[in-house]
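Visitor: Sharing a structure below in structure tokens format, with a few things to ask.
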């Protein structure tokens, strides 16, 4: 079976690695154009492109796929199937029709819950106790196609987007190999019409913490936004990043520092309180609270946020 591949970030690279290890012929990889990154803003190839080049696979990097001319490389590759994982571009119907056995998507949720761009983060933010991977047939709608394989996993109490991403990526790689090997034997299942939710793309503006929210909500968001974009709060004119927190007892004005100790900084929320145990100052590194306080002292009675 010839399986072309479309994907961009590390989540997709894990799946591509699994397909190569399983012995599938990959005639072509589609990935997003190189993007500027880092302090020097040098152009950096996506993880998928780096893996493709390391294995001698042809790479095509269109900005968009609306122009029929951008479809030619896929037509020339003549794949049996196109595997898509976190590609980041919408595939028009003309592209979906090119592979003789259609297009399969690796989606990091239990569809129809969390269709869309950020299912891993939104599931953590919502406090879901389980998630998983769905292998589905692609159609023109956003993550609406019939399902071939669905496998769930439990979400850990301390799970971050980073840790959940890695577990789901490995699961997705394993499931897509299984799906391709058994492609002729599947009876696709239509997605339920109930339980549809949308995982909108993460906006950096969401990073700012609203201390009037309950501690449970803030704690979930801190985990959901680790490693990107990270949650932020202000102290005067200084913006800090918060990477890890624990629910704790305490009452006060939202954003008020209730206690300062090496084990953590207790902050009042709209309901309950949080103990901040990993923080980062501008230009600094992520630090445990004790190390952070050594270089950035805080006092009881100070307020985070707009005070």
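Numbering (our numbering), first residue to last: 1446 to 1752. Quick reminder that beta carbons are idealized off the backbone N, C-alpha and C, glycines included. Everything numeric in this text was worked out from a predicted model, so none of it was measured.
1) What are the boundary residues of the alpha helix (DSSP H) that includes residue 1589?
2) Who are the near neighbours of residue 1525 in its chain, counting only those whose CB is closer than 8 Å to its CB and skipping five residues on each side?
3) Does the stretch 1690 to 1699 come close enough to the stretch 1617 to 1626 that 3 or more CB-CB pairs lie under 8 Å?
4) Identify the continuous alpha helix (DSSP H) that holds residue 1665 and give its terminal residues.
5) Provide the residue(s) that pair with residue 1689 in DSSP beta bridges, ordered along the chain.
6) Leaving aside the five residues before and after residue 1475 along the sequence, list all residues of the same chain whose C-beta is less than 6 Å from its C-beta, in chain order.
7) With distances taken from CA atoms, which of 1658, 1469, 1738, 1723 is nearest residue 1714?
8) Within the continuous beta strand (DSSP E) that includes residue 1620, where are the two ends?
9) According to the neighbour-count rule (16 or more other Cβ atoms, all chains shown, within 10 Å of its Cβ), is residue 1720 buried or exposed?
10) Under 7 Å Cβ to Cβ from residue 1542, same chain only, skipping five residues before and after it: list those, please.
11) Under the rule that 16 or more other beta-carbon atoms within 10 Å means buried, what is residue 1739, buried or exposed?
12) Residues in the same chain with beta-carbon distance under 8 Å from residue 1520, minus the five sequence neighbours each way, listed in chain order, please.
13) Tell me the residue span of the beta strand (DSSP E) that contains residue 1582.
14) Quick check on the burial criterion: 16 or more other C-beta atoms within 10 angstroms. Buried or exposed for residue 1500?
15) Is the distance from the Cβ of residue 1493 to the Cβ of residue 1479 below 8 Å?
16) Does the stretch 1584 to 1595 come into contact with the stretch 1554 to 1566, if we say contact requires no fewer than three beta-carbon pairs (one atom in each stretch) closer than 8 Å?
17) Using the C-alpha atoms, what's the distance from residue 1674 back to residue 1497?
18) When burial is assigned at 16 or more other CB atoms within 10 Å of the CB, is residue 1564 buried or exposed?
19) Helix, strand or coil for residue 1752, going by three-state DSSP, please let me know.
20) Could you tell me which of 1554, 1535, 1630 sits nearest to residue 1612, measuring between CA atoms?
21) Could you tell me the alpha carbon to alpha carbon distance between residue 1742 and residue 1573, rounded to whole angstroms?
22) On the three-state DSSP scale, how would you describe residue 1737?
23) I need the DSSP call for residue 1552, collapsed to helix, strand or coil.
24) Report yes if the CB atom of residue 1580 is closer than 8 Å to the CB atom of residue 1647, and no otherwise.
25) What is the DSSP secondary structure of residue 1516, reduced to helix, strand or coil?
26) Are the stretch 1628 to 1638 and the stretch 1596 to 1608 touching, with three or more C-beta to C-beta distances below 8 Å?
27) Using 8 Å for Cβ pairs, my map puts residue 1716 next to residue 1748. What's the rounded Cβ distance?
28) According to DSSP, residue 1500 sits in a beta bridge with which residue or residues?
29) For residue 1536, which three-state DSSP category applies?
30) Measuring only the C-alpha atoms, how far is residue 1540 from residue 1507?
31) Please go through the same chain and pick out, in chain order, the residues whose beta-carbon is closer than 7 Å to the beta-carbon of residue 1671, but skip the five residues on each side of it.
Guide: From the atom records:
1) Here residue 1589 belongs to no alpha helix (DSSP H), and DSSP marks it neither H nor E.
2) 1446, 1447, 1448, 1544, 1545, 1546
3) no
4) 1660 to 1669
5) 1723
6) Spatial neighbours of residue 1475 in its own chain (CB-CB distance under 6 Å, excluding positions within 5 residues in sequence) are listed in chain order as 1451, 1505.
7) 1658
8) Taken as a continuous stretch (DSSP letters only), residue 1620 belongs to no beta strand (DSSP E), being part of the alpha helix (DSSP H) at 1606 to 1626.
9) buried
10) none
11) Result: exposed.
12) 1543
13) 1575 to 1582
14) Answer is exposed; the Cβ neighbour count stays below 16.
15) no
16) Taking a contact to require three or more Cβ pairs closer than 8 Å, the stretch 1584 to 1595 and the stretch 1554 to 1566 qualify as touching.
17) 27 Å
18) So residue 1564 counts as buried.
19) The predicted position of residue 1752 is uncertain, since its pLDDT is 48 and thus under 50; no value can be drawn from it.
20) Closest option to residue 1612, Cα to Cα, is 1554.
21) 36 Å
22) helix
23) strand
24) no
25) helix
26) no
27) About 17 Å separates the CB atoms of residue 1716 and residue 1748; that is not less than 8 Å, and the two are not in contact.
28) Note: residue 1500 sits in no beta bridge, so no partner.
29) coil
30) 13 Å
31) 1605, 1606, 1607, 1688
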